[in-house]
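Undergrad: Read left to right, the sequence shown gives residues 1 to 435 (the working numbering).
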Amino acid sequence: MKQIDLRRGELAINGGRPQRDRPWADNFTLDEAEKTAALRVLNSGYLSLFEGSHLPDPPFSFRGGPEVQSLEAEWSNYYAVNHSVAMNSATSGLYAAIGALGIGYGDEVIVSPYTMTACALAPLIYGAIPVFADVEESTGCLCPDSIADMISPNTKAIIVVHQFGFPADMDRILALAKNFGLKVIEDCAQAHGARYKGKLVGSIGDIGVFSLNVNKTIQVGEGGVCTTNDSDICYRLQLIRNHGEAVVEAAGYDNITNIAGYNYRLTEIGAAIAREQLKKLPELNSVRLRMVERLQVGLREFPFLSPLSEVNLDDYPTYYTYPVRFNSQAAGVTRKSFAAALRAEGVYFYEGYSKPIYMQPLYQRKHLYKFGYPFSAKENSACKTNYYVGTCPVAERLHFEEMLINEHVRPPNHMTDVDDILLAIRKMYPLQINT
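(1) With DSSP as the reference, identify every bridge partner of G221, one or two as the case may be.
(2) Ends of the beta strand (DSSP E) at K156?
(3) Within this structure, are the beta carbons of C392 and D134 separated by less than 8 Å?
(4) Is it the case that the Cβ atoms of P317 and A194 are separated by a distance below 8 Å?
(5) Thinking C-alpha only, which one of S152, L176, M170 is nearest K197?
(6) Thinking just about the alpha-carbon of each residue, which of A168, A80, I259 is nearest to the one in D230?
(7) Helix, strand or coil: how does DSSP classify C383 here?
(8) Mapping DSSP to helix, strand and coil, what is E51?
(9) Thinking just about the alpha-carbon of each residue, which of D206, F28, H162 is nearest to the one in G221?
(10) Alpha carbon to alpha carbon, how far is L237 from K199? Give it in angstroms, no decimals.
(11) Does the structure place the segment 79 to 93 close enough to the segment 357 to 373 that three or more beta carbon pairs sit under 8 Å?
(12) At what residues does the alpha helix (DSSP H) containing E34 begin and finish?
(13) Can you tell me the Cα-Cα spacing of N434 and G298, whole angstroms?
(14) For P307, which three-state DSSP category applies?
(15) Measure the beta-carbon distance from Y105 to N380 and round it to whole angstroms, keeping in mind my assumption that it falls under 8 Å.
(16) By how many angstroms is the C-alpha of N88 removed from the C-alpha of T155?
(17) Can you give the beta carbon distance from A96 to C226, rounded, assuming they're within the 8 Å contact cut?
(18) Going by beta-carbon coordinates alone, are Q219 and Y320 separated by less than 8 Å?
(19) Residue range of the beta strand (DSSP E) that K183 falls in?
(20) For I78, which three-state DSSP category applies?
(21) Measure the Cβ-Cβ separation of T267 and L39 and say whether it is below 8 Å.
(22) What does DSSP give as the partner residues of P130 in its beta bridges?
(23) As a quick exercise: from R300, D420, A272, E301, pick the residue whose alpha carbon is nearest that of V41.
(24) Would you report the Cα separation of V161 and C141, rounded to the nearest angstrom?
(25) Could you tell me if P19 is buried or exposed, where buried requires 16 or more neighbouring beta carbons within 10 angstroms of its beta carbon?
(26) For Q163, count neighbouring C-beta atoms within 10 Å of its own C-beta (all shown protein chains included) and say buried if the count is 16 or more, exposed if not.
(27) Would you call the segment 337 to 352 in contact with the segment 65 to 80, where contact means no fewer than 3 C-beta pairs closer than 8 Å?
(28) Check each candidate in R22, G127, I98, V201 and name the one with the smallest Cα separation from C383.
(29) Taking the alpha carbon of E32 as the point to measure from, which residue in G332, E276, A340 has its own alpha carbon closest?
(30) Roughly how many angstroms lie between the CA atoms of Q296 and P307, to the nearest whole one?
(31) G261 by DSSP, collapsed to three states: which one?
(32) So is K427 buried or exposed if we call it buried at 16+ other beta carbons inside 10 Å?
(33) Is the separation between the beta-carbon of V109 and that of A157 shorter than 8 Å?
(34) Check whether the Cβ atoms of S92 and G202 lie closer than 8 Å to each other.
(35) Please report how far the alpha carbon of L182 lies from the alpha carbon of F132, in whole angstroms.
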């Protein structure tokens with residue numbers, strides 16, 4: 001495969017003027033509403049009102065202060081679930097979800113290889129073993145057929161990631177879960193407001209986990225929310241969030257497996273900001289989708305670029321990032337050289353996304369804790385550890401050969417910014433097909 005021929009002087013990578021010379025806007029979605037909310041908390045004097053004991057009376061409480069509890073009520077109302085539990089991160093939410101379901105040594109959890117590392121680490125924290133299923137090339141989400149191949153007598157749960165804001169194939173995944181008696185955790189970190197057949201993700205499985213990280217569609221810096229319709233799961237999430245081992249005796253709660261003394265509590269300021277951000281979610285998603293539609297229409301003239309999914313009304317993707325597959329054979333140049341030339345034009349598409357998690361040293365060496373635990377535990381001797389190269393060929397191909405990711409198709413950027421992307425690619429297009 002050839003690298004890009006740089007003979008054309010107008011290309012910025014060859015010293016020409018770039019298509020875009022102004023910076024891209026960061027994910028700034030805060031305004032006076034969030035400032036007012038934060039000031040409300042500061043004026044109260046209480047930055048957190050959690051108490052790590054079974055204390056029910058205000059102002060301090062096992063369940064947190066008024067901002068945290070109001071956020072949870074408003075989140076439950078928006079997502080049409082019975083319970084929401086605020087966390088200090090989605091990572092904490094994933095860990096708490098595994099713990100709340102009673103998963104541990106001798107258990108397997110099916111996870112995606114093509115996502116953030118916390119999804120696979122969450123089972124290991126409790127001594128269970130993550131098993132990787134492959135993803136669908138059309139969404140980057142878990143492939144139900146691959147999930148089915150990975151189910152064993154030790155499988156207890158599936159962590160489904162709604163990757164890039166695309167809803168996974170929940171009908172088929174839930175059918176598998178029902179047939180084999182499995183729990184389903186939805187990782188909705190990138191999918192605020194996304195819908196699967198009209199139903200909001202995070203309300204479909206046993207537990208939903210959302211991120212409020214600074215990069216997400218709605219954000220407070222660091223934070224997260226878990227959702228569930230099960231009252232006991234909700235209480236267990238709350239116990240794991242807030243020093244549950246010091247609470248269970250006074251509460252008269254007997255099921256203490258996995259109830260360890262973590263502090264996953266969200267601050268009152270974070271909750272107050274999240275309440276305002278949640279109000280903006282429909283409009284923020286609407287703006288993203290309008291920008292995505294404009295970009296997708298423009299990309300149709302370039303046969304070497306294939307969007308992962310089209311915007312549609314049944315499955316409502318929300319495009320946390322904009323992913324596109326690059327066909328080097330059709331382009332006549334390598335993905336690396338194409339991305340480098342685009343960067344020179346002031347347009348940023350990053351190669352790959354996330355190297356398959358099982359290629360990390362933790363999984364290659366099967367070593368997390370001392371003595372190789374939990375992999376070396378006798379209770380896990382019958383568990384799968386499918387961590388070899390080739391385990392998930394679609395995920396590997398997407399990362400190493402095809403995937404390009406753009407993070408700027410979102411507010412506060414505008415349609416003119418989308419046009420810059422298309423103009424930069426169009427500027428290069430004759431070069432690519434003639435090299």
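We put the beta carbon where it would ideally sit given N, CA and C, even for glycine.
No experiment lies behind these values; they were computed from the predicted model shown.
TA: This is what the structure holds:
(1) N213
(2) 155 to 161
(3) yes
(4) yes
(5) M170
(6) Closest option to D230, Cα to Cα, is A80.
(7) coil
(8) coil
(9) F28
(10) 23 Å
(11) no
(12) 32 to 44
(13) Annotation note: pLDDT 36 at N434 (below 50); position unreliable, no value reported.
(14) It is a strand residue.
(15) 6 Å
(16) Roughly 28 Å between the two C-alpha positions.
(17) 7 Å
(18) no
(19) 183 to 187
(20) Here residue 78 is Tyr; the residue named in the question, Ile, does not match the sequence. Here Y78 sits in helix by DSSP.
(21) no
(22) DSSP lists V109 as partners of P130.
(23) In terms of Cα proximity to V41, the closest of R300, D420, A272, E301 is A272.
(24) Computed Cα separation, rounded: 6 Å.
(25) A quick correction: the sequence has Gln, not Pro, at residue 19. Classification of Q19: buried, given that the 10 Å Cβ count is 16 or more.
(26) buried
(27) Cβ pair count under 8 Å is below three, so no.
(28) That would be G127, whose Cα lies nearest to the Cα of C383.
(29) Of all alpha-carbon atoms in G332, E276, A340, the one lying nearest the alpha-carbon of E32 is that of E276.
(30) 7 Å
(31) coil
(32) buried
(33) It is a contact, given that the beta carbons lie within the stated cut-off.
(34) With contacts defined by Cβ atoms closer than 8 Å, S92 and G202 do not form a contacting pair.
(35) 16 Å
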